[in-house]
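Going line by line, the protein sequences match chains Y and C.
Using the working numbering, read the first sequence as starting at 7 and increasing by one per residue.
Using the working numbering, read the second sequence as starting at 160 and increasing by one per residue.
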Amino acid sequence: MNPDASTVDTVIDAVSSVFMIVGAVMSLGAAIGLLRFPDLMSRMHSATKPQVLGLFLLLAAVGLQLRTWWVWPVLAVAWIFQLLTVPVSAHMVGRAGYRTKHLHKELLSTDELEAVVLKAAEAAKDAEPDGGASDTIDR
Amino acid sequence: MSRKRISLRQELPLLFWLVIVWGALWQDFSPGNLLFGALLAAAVARLFYLPPVELSGRFNVLRAVPFTVMFIGRVVAASFQVFYLAVAQGPKVTNAVVAVPLRSHSDLMVTATGHVISLIPGSLVVEVDRSTSTLYIHGLNVRNADDVLKLRKEVRDTEAGLIRVMGTKEELAALNQEAGA
C-alpha cells in the first residue's frame, strides 16, 4: 500500500517536472522568436504557437501537483479561453500590421493579398465615402 | 434593431458552456451552484443578446475525438517547428501570404477554420474575405510554389475535417461528392 502510493507520487512528480521544463523551454522559444524573426507577422507566429503549448504544459503541471480534481475545470477553461483569444489577437495585429506595411515584402515568396487590398483601395477611392472597400474586403 | 431569435435548443450549447465556466470559476459543481449558474446564464443570454451563432445542428463525436487529438498533436509540432525556425533561421526566414478559398460559407465554419489554422504549423490568418469566404494566410517558412500548394492543401484539409465534425448536411454531402470524384 505505502510503496504503491509513493511510486505514484514519484511518477506524478516526474511527469509534472517534464511538463514544467518543456513548458518553460517553449516560452523561451517564443521569446527567441520575438527577438530573431525579421518582421511583425513572423513574430506573431512565435507569439501564438509555443506560447499556447507552454501554457498548456505549465497548467497541466499545476493540475498534477495540486492533486485536487476541481482545479482541472478551471485550468481547462483557462486554456480554452487562451485557444479562443490567441488567434483573434494574432489576426488583429497581423491585419493591422499588413495594412500599415509593417512587414518586409522582400521576405515574402508570394503575396496574394496585395492585389486584393490595392483593388479594395481603388474601389474605395472611386465610390464615394460609404461603401466600396467595406463590401469587397472587410471583417 | 430586431434580430432573428433563435430557439432554446440552438441556444442550449451556449448556456451549457456558461454553466461550465460558472462552476469552474467557483470550483464548485454542487447542484445548487449549477442551478444558480444556469439561471444567471439564461439571464445573461437574454439581456446581453449577441448575434446568434448558427450551429449546424450536427456534431459527430466519433470524428471530433480524433480531430482533437490530431489538433493537439499539431499544436505541439507547430511549437517545436517555430522554436526550430527561430533558432536555426531567425532573420532569414521566408514567408508568403496565400489566398485560400474555403468551401463553406457559414461564419462559424470560417471562424473555426481560421482558429485551428492559426494554431497549427506555420500559418496565421491575416485577412478574411467574408463575401467569398476566402482566408488570406501568412505562412511561415514558405519558400516556393510547392510550399504554397502544401499550405493551401493543409488549410482545405483542416476545413474538411471540421466539416466532418460539425458542418451542415449539405456541406458534408458536397465534401463527400468531391472526395468521390
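Using N, Cα and C, we set each Cβ at its ideal position, and we do this for glycine too.
Keep in mind it's a predicted model, so treat the numbers as computed, not measured.
| Query | Result |
| --- | --- |
| CB contact check: Gln186(C) to chain Y, cutoff 8 Å | yes |
| CB-CB length for Ala236(C) against Asp117(Y), believed under 8 Å | With a Cβ gap of about 26 Å, Ala236(C) and Asp117(Y) do not count as contacting. |
| Contact set between Val264(C) and chain Y, taken where Cβ atoms lie within less than 7 Å | In the sequence on display, residue 264(C) carries His and not Val. The premise fails here: His264(C) is roughly 14 Å from chain Y at the closest Cβ pair, so nothing lies under 7 Å. |
| Ser277(C), buried or exposed, once every other Cβ within 10 Å from all chains shown has been counted against 16 | buried |
| Cross-chain neighbours of Val77(Y) in chain C, by beta carbon under 8 Å | Gln186 |
| Per-residue DSSP class, three states only, for Ile179(C) | helix |
| Neighbour-count burial assignment, Leu124(Y), 16 or more Cβ in a 10 Å radius | exposed |
| Within 7 Å of chain C by C-beta, residues of the region 37-54 of chain Y in sequence order | Ile38, Gly39, Arg42, Phe43, Pro44, Met47, Ser48, Met50, His51, Ser52 and Thr54 |
| Runs of alpha helix (DSSP H) lying entirely within the region 280-320 of chain C, each at least 4 residues, in chain order | none |
| Glu286(C) at chain Y interface by Cβ criterion, 8 Å | yes |
| Whole-angstrom distance between Trp78(Y) and Val180(C), CA atom to CA atom | 12 Å |
| 8 Å Cβ cutoff, Leu124(Y) in contact with chain C | no |
| Where the beta strand (DSSP E) containing Pro260(C) begins and where it ends | Asn254 to Pro260 |
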